[in-house]
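Written below as structure tokens is the structure these notes are about.
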């Protein structure tokens, strides 16, 4: 179902991502580390889930953002270990997985139940046994940039674990997604010579928003699937406001099934506002200046000088270096984009909400 608001798990529901899916399945067979990057709500989790459902390779999938949330923002070894345990327990119906786990010190079976003693189990010993699988075994981490909150060193131990597996375990495949593109690159050590992962080959798939034509075709197909005839003028108008971000298009489509065009757009913006409020609160925990930068850009201050002057006019005597840091972090977190010396908010719905005083 194209208008299912949850991440997709079937190829038939993954609209116009056939090439990306083919590319991902190939990388999971051949490459030790694969990244799926892209801005929020473009379908990264859906692509990951469909690939895992379609491949013949066994896998586990860990939602790192959920671990971060459940641990109140301070992840440790126990949090990750129990998340991995929960995923492995789902695989015990497969005899080959059960046979591999039975060789791990600290894992014991009694009938259909299994016990994990994490005083004896190390993550590396677990990976060593999964490496004996006849086909490459996939370990997928959704929203992996949250690993920067793991342990006391910004996820360094996870970086070391992945680097060690890269060097020593030929049959382990890591799949990482990240919506804060610069931060996932920070985690994977793209530009950090001191990172344990620096210099190791990673295959990256950049998932982009739909083009205008694909967005319109998506809405047409979604409405046809629901046996609704919607005027093309309305579909085009919705695309112009929502751009090609599939999450917003799905929300509009769901709302349009029950409401008029104008009501559907209004409800879509209201739903997006609730999501953004939560995300902006998380952003403000890092620094209240980040939100101010977004407000300044939305109001038309799109150059560094204009943003700096906006801070000064608001009574905030932020230094040039502080403003530069805020812009850099927002850009690496996929909130804003810089092109030809001008900044813009990537998500046009967020830009519109801020511009019109929606927060």
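In this note's numbering, the protein residues as written are 1 to 359. Every residue, glycine too, gets a C-beta built ideally from N, C-alpha and C.
If you ignore the 5 residues before and after residue 235, its C-beta comes within less than 6 Å of the C-beta of 216 and 219, all in its own chain and listed in chain order. With fewer than 16 other Cβ atoms inside 10 Å of its own Cβ, residue 278 counts as exposed.
Taking a contact to require three or more Cβ pairs closer than 8 Å, the region 223-234 and the region 49-58 do not qualify as touching.
Under a 10 Å Cβ-count criterion, residue 135 is classified as exposed, with fewer than 16 other Cβ atoms of the shown protein chains found around its own Cβ.
Taking C-beta atoms under 8 Å as the contact rule, residue 239 and residue 271 fail to qualify, at a distance of about 17 Å. The three-state secondary structure of residue 175, taken from DSSP, is strand.
For residue 11, the three-state secondary structure derived from DSSP is helix. In the DSSP secondary-structure assignment, residue 221 is not bridged to any residue. With contacts defined as CB atoms closer than 8 Å, residue 36 and residue 177 qualify as a contacting pair. By the C-beta criterion, the region 7-20 is judged not to be in contact with the region 99-110, since fewer than 3 inter-stretch pairs fall below 8 Å. Here the region 122-140 does not lie against the region 321-333, with fewer than 3 beta-carbon pairs under 8 Å apart.
For residue 290, the secondary structure class from DSSP, reduced to helix, strand or coil, is helix. Of all C-beta pairs linking the region 258-274 to the region 284-296, fewer than three are shorter than 8 Å, placing the two stretches out of contact.
Bridge pairing for residue 79: absent [DSSP]. Each of 71, 179, 288 and 116 was checked against the Cα of residue 332, and the nearest Cα belongs to 179. Secondary structure note for residue 255: its alpha helix (DSSP H) is the uninterrupted segment 246-256. With a 10 Å radius around the Cβ and a threshold of 16 neighbouring Cβ atoms, residue 290 comes out buried.
Shortest Cα-Cα distance from residue 184 to any of 2, 69, 170 and 205 involves 205. Put simply, the backbone Cα of residue 189 is about 21 Å away from that of residue 170.
In the assembly as shown, residue 274 is an exposed residue. Its beta-carbon has fewer than 16 other beta-carbons within 10 Å.
In the three-state reduction of the DSSP assignment, residue 116 falls in the strand class, which pools E and B.
Bounds of any beta strand (DSSP E) do not take in residue 190, whose DSSP letter is neither H nor E. Within the model, the alpha-carbon separation for residue 173 versus residue 116 is close to 23 Å.
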